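I have placed the structure first, in the form of C-alpha cells, so that the comments after it can refer back to it.
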Amino acid sequence: MASKQITRRRFLKNAAVASATVAFAPYIRTAHAAGKLEVGFWDHWVPGANDTLTKLCNEWAAKEKVEIKIDYIPSQGDKNLLTIAAESQAKSGHDLLAFPTWWPAAKSGELEPVDDLMKELVAANGAVSPLIEYLGKHDGHWVAIPATPGSQIKGPCARIDLFKQHAGIDLTKMYPAGAPPDKALSDAWTWETFLTAAQKCHKAGFPFGIGIGQTTDSVDSMGALLSGYGAQLVDAKGNITVNSDAVKQVLEYMKRLVPFLPPDVFAWDDANNNKWLIAGKGALIMNPPSAWAVAKRDNPKVAEQLWTFPTPSGPKGRFQPYLPYFWGTWKFSKNKSAAMSLIRYISQRQAVEKMVAASQGYDIPAFAKLNDFKTWAEEGPPKGTLYNYPPKPGQTLSISAYPAPPKIAQQIYSQAIATKMVAKCTQGGESIDKAIAWAASELQGFMRA
Amino acid sequence: MRKFLRRKSTIAFAMALPLILVIGLLVLYPALFSIHLATLNKSMEHFVGFDNFTFLFTRDTFWMVVKQSVVFAVSAVIFKALIGFFVAHCVHNTPAKGQRKWRGMLLVPWVIPPAMSTLAWLWLFDPSYSAFNWVLENVGMEKVNWLGSPNWARFSVILVNVWYGAPFFVIMYLAALKSVPEQLYEAAAIDGANWWQKLWFVTLPMMRNIIAITVLFSLIVTFANFDIVRVLTAGGPVDQTHVFATWAFKLGIESSDIPLGASISLFMFPILAIAAVFILRDITKRGGEA
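If you read the sequences in order, they're chains A and B. Each residue of the first sequence is one higher than the last, beginning at -15 in the numbering used here. Each residue of the second sequence is one higher than the last, beginning at 20 in the numbering used here.
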C-alpha cells in the first residue's frame, strides 16, 4: 500500500488554506446561531398557561436564533426547591430558572445581578412594591426579576349569598366590579368585622375555612393578620420582637376566632381550604382564585356565588398577602445574555397580558402598570369576580415574616412559626406567654449564621 | 505474581470489584459528602467542625424529633413483628392449596409504592372528608381528628407504617417457619409438649436469627422513613409527628439550611449502629453456640 508522506512545506500550505477558508468564507447564520438556552419554569396548575408561555418563548427563540429547551418544574413535592438545591450544589443546570418567593435571597450570592434589566423593566412597566425589593434585591443588587406566572395574592374569596344572608354584608356592593370600593363599607371591613362575620356564618353552619396548618395558605393568612396589627416576630435589623403587645393582641384575636373555624384546621394543607369552599361547606377562604376556577368546573353553582376581594384592615392598615415568583440566572449559566433577552421579552406588557389571560387571572404581575388587564374585569361567572383581585391603592402587599432579614424570614415562614404559636395557645391549651416563649426560642435558633 | 493472581481470594476480589466500586460510588460517596455538608456553616462557605451538631443539642425541637423518631420506629416495628408472627402462623397452617393466594394478597401493601398508598390513606383520614369518620358518624360515634390532633396523628402515621411493613415480616417469618424440621415437632409431641410449649421451645428458638435480622432491617428502614409522614402530616400538627428524615428535609430544603439538614439525617447513623451492634452480636453468639 502506497503511503503519502506529509512534508513540512505541504503541511504549511494546507494550514494556510484552511485558515483562509475559515477567515474569509461567507458567514451563514444557522437556525440556532445564538446558541442554546435551557430554561426551568414553574409548572403552572392552570391548564393551558404553560402553552402560552411556551409559545412566547418559541417566538423569541425564532427571532433571536436561539435553540431553547424548556422544562416545567412542578412545586408539588417541592420538586422546584430540590432542583434549585441540586443545581446550586452541582454548579450546573438551567440558564434561566424560576425561583419561588424566598429563593432569590437564599441563593443571592450565586445569582447574576440583573440591575440593568430591572431598571429597564421598571421604566417600561412601572414601579414595584417595597416587598418585591425586599425579596429580590440583596446587598444593593437585584438578583432576580419578578415573574408573572405563579405570583399570587391570597385575599379572601367568599360566598356572595352566604355573606349577604348570614353576615349582612353585600360583597359586590362593598367591592364592586368596575368601580372603586364603597368607602363606608370597605372602611368597615376590618379584622373585627371579619370575626363577627365568622361567628355568624359559623352559627349558620358555614364556617370560614382559615387553615392553621404549616403550609403557605395558612402562613400567609396569619401574615396578613400580623401585619394588620403591626406585629413582627423579628424586626428588620434581626432583633427578636415576638414578645410584644401587638403579637399578644393577634394571639388573643385568634383565640376568639378559632372556635368559629372547622375543628380540623390545624391539619389543613393548601388543598383543604379549596375543597372546603368548592364543596359548599364554608362561606370564606383566603386563597388566590384557584378555588373559584376549580369550582367553575366541579361545582358551578358555588362558583357563581364566589367573589374575591381584599383582606380586612387592622389598626396598622390593609395588608394583602402576596407570594411572588422570580426569574433568575445562575452565575455559572452558560448563556446569560440569551437568558436576559428572554426575560426582557416575556416581561413586556403584551406578553404579560397573554400570560395573565392564560392563567384565568390567577397570576399577578409585580409591576404597577401591569395591574389593569381586562382579564380581571371580564372573568366570570359572576362577571367581575376577580376585578378586586389585583392590588389597588390603599393596600400594602405583604408577606408573613416581613420585615425580618430574608434569610431569617425564610425560616420563620417555612417552619410556620406564626401558625404554630396560634396552635399552641388554642388547640394546645398553652398560655399566650408560653407560646411566645416557645417562638422566641425557635427564633433564636434561626439567627445562626 | 502468577501465584498471587491464581489465588482464589484474588480472583474473588477481582470479580467483586465492580460491585465494590458501584457501592463506593452510590453509598460511600454520598455518605462522605453528607458528612462534609454537615461540617459547613449555614451559607456553606466555611468549615465549622461539629458546630451544627452541638447547635442541634441545644434545640428543644430536635430532642422532640429524636423522641418521636424512636417512638415511631420502635412501636411500628413491634406491631409489625407481632402481626407478622401471628399472620405467618395463620398462613403456615392454611392448607397448601389456598396458601399461595393468601401469600400473594398479603404482599399487596408491600408492593405498592408507599407514596401512592399513603395518598389513599390520606383520603381516608382527610381532615374534612374522612371516610373513617363517615363510618363512625353513621354508627353514632364521634368524629376523630385523625391528622389534626397530635396523638391521633402519631397513631395514624404508625398505623400506615405497620400496614405497609407487616407483609415483609409475614414473608420472612413464613420462610423461617417452613424451614423448621417437622421431626422437632414430632419429638416434642412424643415428649407431651402442648401447643404453647412447641411454640416456646421449638418454633421461637429456630426463628430467633430470622426474627433478629428482620427486626434490625425493619428498624433501619422505619427509622429512615420519609414518605409516609411527609404525605400524611408533613410533620404536623406543630412538628409533633416529625421524624429525622422529614425534619431534615424541612430544614435542609424548605428552609434552605442544607448543612443543618445533613447533620440531622446523620444522627440516625449512631442510633442505628448501636442497635445493629446489639442485634448482630446476639446472632453471632448464637451462631457460635450452634
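Beta carbons: idealized from backbone N, C-alpha and C, even for Gly. Quick caveat, the model's predicted, so the values are computed rather than measured.
Does any residue of chain B have a CB that is nearer than 7 Å to the CB of residue i?
{"i": "G24 (chain A)", "result": "no"}
{"i": "A90 (chain A)", "result": "yes"}
{"i": "L370 (chain A)", "result": "no"}
{"i": "S205 (chain A)", "result": "no"}
{"i": "F83 (chain A)", "result": "no"}
{"i": "A407 (chain A)", "result": "yes"}
{"i": "K404 (chain A)", "result": "yes"}
{"i": "F437 (chain A)", "result": "No answer is possible for residue 437 (chain A): it lies beyond the span of chain A, which begins at -15 and ends at 433."}
{"i": "A120 (chain A)", "result": "Per the sequence presented here, residue 120 (chain A) reads as Gly, with Ala not at that position. Chain B contact via Cβ: absent."}
{"i": "Q183 (chain A)", "result": "no"}
{"i": "G197 (chain A)", "result": "yes"}
{"i": "Q149 (chain A)", "result": "no"}
{"i": "Q334 (chain A)", "result": "no"}
{"i": "Q216 (chain A)", "result": "no"}
{"i": "Q344 (chain A)", "result": "no"}
{"i": "Q394 (chain A)", "result": "yes"}
Is the CB of residue i under 7 Å away from at least one CB in chain A?
{"i": "A173 (chain B)", "result": "Note on identity: in this sequence residue 173 (chain B) is Arg, with Ala being the wrong assignment. Output row for R173 (chain B): interface = no."}
{"i": "L166 (chain B)", "result": "yes"}
{"i": "G255 (chain B)", "result": "yes"}
{"i": "S274 (chain B)", "result": "yes"}
{"i": "P146 (chain B)", "result": "yes"}
So what does DSSP say about residue i, is it helix, strand or coil?
{"i": "S53 (chain B)", "result": "helix"}
{"i": "G280 (chain B)", "result": "helix"}
{"i": "R130 (chain B)", "result": "Contrary to the premise, residue 130 (chain B) reads as Val rather than Arg in this sequence. Here V130 (chain B) sits in helix by DSSP."}
{"i": "V234 (chain A)", "result": "helix"}
{"i": "A287 (chain A)", "result": "helix"}
{"i": "D210 (chain B)", "result": "coil"}
{"i": "Y192 (chain B)", "result": "helix"}
{"i": "A82 (chain A)", "result": "strand"}
{"i": "G214 (chain A)", "result": "coil"}
{"i": "K53 (chain A)", "result": "strand"}
{"i": "L245 (chain A)", "result": "coil"}
{"i": "V23 (chain A)", "result": "strand"}
{"i": "W165 (chain B)", "result": "coil"}
{"i": "I230 (chain B)", "result": "helix"}
{"i": "W311 (chain A)", "result": "strand"}
Might you give, ordered along the chain, the residues of its own chain that have their beta carbon closer than 8 Å to the beta carbon of residue i, omitting 5 neighbours on each side?
{"i": "D55 (chain A)", "result": "E22, V23, G24, F25, H78"}
{"i": "T29 (chain B)", "result": "F23"}
{"i": "L155 (chain A)", "result": "A142, I144, F147, K148, W291, F293"}
{"i": "Y11 (chain A)", "result": "Its pLDDT being 46, under 50, Y11 (chain A) is placed unreliably by the model, and nothing is read from it."}
{"i": "K63 (chain A)", "result": "I57"}
{"i": "V152 (chain B)", "result": "It should be pointed out that residue 152 (chain B) corresponds to Asn in this sequence rather than to Val. Result list for N152 (chain B): K162, V163, W165, in chain order."}
Run through chain A and tell me which residues come within less than 7 Å of residue i, C-beta to C-beta.
{"i": "I277 (chain B)", "result": "A69"}
{"i": "K61 (chain B)", "result": "R432, A433"}
{"i": "Q74 (chain B)", "result": "Checking the sequence shown, residue 74 (chain B) turns out to be Phe, not Gln. Those within 7 Å of F74 (chain B) in chain A are R432."}
Can you pull the chain B neighbours of residue i, defined as C-beta to C-beta under 8 Å?
{"i": "K315 (chain A)", "result": "In chain order: nothing, as chain B lies at least about 15 Å away."}
{"i": "E426 (chain A)", "result": "T80"}
Output, in chain order, the set of chain A residues within a Cβ distance shorter than 8 Å of residue i.
{"i": "S88 (chain B)", "result": "Under the 8 Å cutoff, chain A gives no residues; its nearest Cβ is about 18 Å from S88 (chain B)."}
{"i": "K269 (chain B)", "result": "S398, Q399"}
Residues of chain B with a CB under 7 Å from the CB of residue i: which are they?
{"i": "K75 (chain A)", "result": "Simply none; closest approach about 12 Å."}
{"i": "F310 (chain A)", "result": "Per Cβ cutoff of 7 Å: no residues; F310 (chain A) is ~14 Å from chain B at best."}
{"i": "D62 (chain A)", "result": "I272, E273"}
{"i": "W260 (chain A)", "result": "S147"}
{"i": "L66 (chain A)", "result": "I272"}
{"i": "S256 (chain A)", "result": "Reading off the sequence shown, one finds Asn at residue 256 (chain A), where the question assumed Ser. Within chain B, the residues near N256 (chain A) are P146, S147."}
{"i": "G429 (chain A)", "result": "R78"}
Starting from the beta carbon of residue i, find every residue of chain A whose beta carbon is closer than 9 Å, and list them in chain order.
{"i": "S53 (chain B)", "result": "Here the premise fails: no neighbours, minimum Cβ distance about 12 Å."}
Enumerate in chain order the residues of its own chain whose CB-to-CB distance from residue i is below 6 Å, with the five nearest sequence positions on each side excluded.
{"i": "K86 (chain B)", "result": "none"}
{"i": "L235 (chain A)", "result": "C409, I416"}
{"i": "F70 (chain B)", "result": "One detail in the question is off: residue 70 (chain B) reads as Asp in this sequence, not Phe. Taken in chain order, the list of residues that qualify is empty."}
{"i": "S211 (chain A)", "result": "F303, S382"}
{"i": "V106 (chain B)", "result": "V189"}
Which residues in the same chain as residue i place their Cβ atom closer than 7 Å to its Cβ, once the five residues preceding and following it in sequence are excluded?
{"i": "L166 (chain B)", "result": "F144, P146, A172, S175, L251, T252"}
{"i": "Y204 (chain B)", "result": "K217, V221"}
What residues of chain B sit near residue i, judged by a beta carbon separation below 9 Å?
{"i": "G412 (chain A)", "result": "P169, P256, V257"}
In chain order, each alpha helix (DSSP H) run of at least 4 residues that lies wholly inside the region 327 to 395 of chain A: 333 to 342, 358 to 362
Inside the region 23 to 107 of chain B only - alpha helix (DSSP H) runs reaching at least 4 residues: 27 to 42, 48 to 57, 70 to 76
Segments assigned beta strand (DSSP E), at least 3 residues, entirely inside the region 102 to 181 of chain A: 129 to 137, 140 to 143
Chain C contacts from the region 228 to 246 of chain A (Cβ-Cβ distance under 9 Å): Looking at the structure shown, chain C is missing, and the protein chains on hand are A and B.
Every unbroken beta strand (DSSP E) inside the region 261 to 309 of chain A [3 residues or more]: 268 to 270, 290 to 292
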